[in-house]
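*Asks:*
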Amino acid sequence: MTTTVVKAEIKTEIKTEPLDHATPVKGEVDEEDEYIVQPKRPRRNQDMSMARNCPFLDTINRSVLDFDFERLCSVSLSNINVYACLVCGKYFQGRGQHSHAYTHSVQVAHHVFINLHTLKFYCLPDNYEIIDPSLEDIKYVLKPTFTIAQIAALDISPRVYLALDGTKYVPGMIIRNL
Numbered sequence: 014m015t016t017t018v019v020k021a022e023i024k025t026e027i028k029t030e031p032l033d034h035a036t037p038v039k040g041e042v043d044e045e046d047e048y049i050v051q052p053k054r055p056r057r058n059q060d061m062s063m064a065r066n067c068p069f070l071d072t073i074n075r076s077v078l079d080f081d082f083e084r085l086c087s088v089s090l091s092n093i094n095v096y097a098c099l100v101c102g103k104y105f106q107g108r109g110q111h112s113h114a115y116t117h118s119v120q121v122a123h124h125v126f127i128n129l130h131t132l133k134f135y136c137l138p139d140n141y142e143i144i145d146p147s148l149e150d151i152k153y154v155l156k157p158t159f160t161i162a163q164i165a166a167l168d169i170s171p172r173v174y175l176a177l178d179g180t181k182y183v184p185g186m187i188i189r190n191l
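Each residue of the sequence shown is one higher than the one before, counting from 14 in the numbering used here.
#1: What does DSSP give as the partner residues of residue 181 in its beta bridges?
#2: Ordered along the chain, which non-local residues of its own chain (more than five positions away) have a Cβ less than 8 angstroms from that of residue 91?
#3: Which value, in whole angstroms, describes the spacing of the CA atoms of residue 113 and residue 72?
#4: Given that a residue counts as buried once 16 or more other Cβ atoms are within 10 Å of its Cβ, and exposed if not, what is residue 93?
#5: Using the rule of at least 16 other Cβ atoms within 10 Å of the residue's Cβ for burial, across every protein chain shown, is residue 126 buried or exposed?
#6: With DSSP run on the structure shown, which of helix, strand or coil describes residue 110?
#7: Compute the Euclidean distance between the alpha carbons of residue 173 and residue 164, then round it to the nearest angstrom.
#8: Between residue 178 and the rest of its own chain, which residues show a CB-CB distance below 6 angstroms, the 5 nearest in sequence each way excluded?
#9: For residue 101, would you say it is in contact with chain D, using Cβ-to-Cβ distances shorter than 8 angstroms as the test?
#10: Look up residue 122 in the DSSP assignment and say whether it is helix, strand or coil.
#11: State yes or no: is the C-beta of residue 132 within less than 8 angstroms of the C-beta of residue 152?
#12: Which residues does DSSP pair with residue 97 in a beta bridge?
#13: Using 10 angstroms around the beta-carbon of residue 161, count the other beta-carbons present and answer buried if the total reaches 16, otherwise exposed.
#14: Terminal residues of the continuous alpha helix (DSSP H) containing residue 149?
#15: Could you have a look at residue 143 and say whether DSSP puts it in helix, strand or coil?
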């Protein structure tokens, strides 16, 4: 696409490529009309209201969530762009209309997913981000964080537990009676 701009009797040709995400916006510069290409902005207010009012948050089953497995899609065995279904605990690839996660959400009516890399929650097939503070515990289980003081306390005071037969033991220690 070639655009011709005429200013003060100087003719200049500017090569531009069409942008799918851009809209021409009429602006005023030096009392002459010219068009400035600006990117479209997402409808933030509508997306934010949907993100906060997800009707499927009560379908999350925390008892089946186990993030100790390798992060691979259960259908394609790919480790790229993997999402975990928060209803059944299975891992699926992608979020688009022809992805395994999308197909799972439509076929089984499981709607809440988390991206295992970015830790963002999404509702499929509607494909909007869920922002809710009640989901922070799932992020913590997926990627726990510890302070330096908590790590130092592990070496200072070991916890002593009682076994079923009443003997005392420290978790993580193996003691052999010879």
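Note that CB positions come from ideal geometry on N, CA and C, so glycine has one too.
This one's a predicted model, so the numbers in the text were calculated from it and none came from an experiment.
*Replies:* In brief:
#1: 175
#2: 85, 106
#3: 20 angstroms
#4: exposed
#5: buried
#6: coil
#7: 17 angstroms
#8: none
#9: The structure shown contains no chain D, having only a single protein chain.
#10: coil
#11: yes
#12: 104, 127
#13: exposed
#14: 149 to 155
#15: strand
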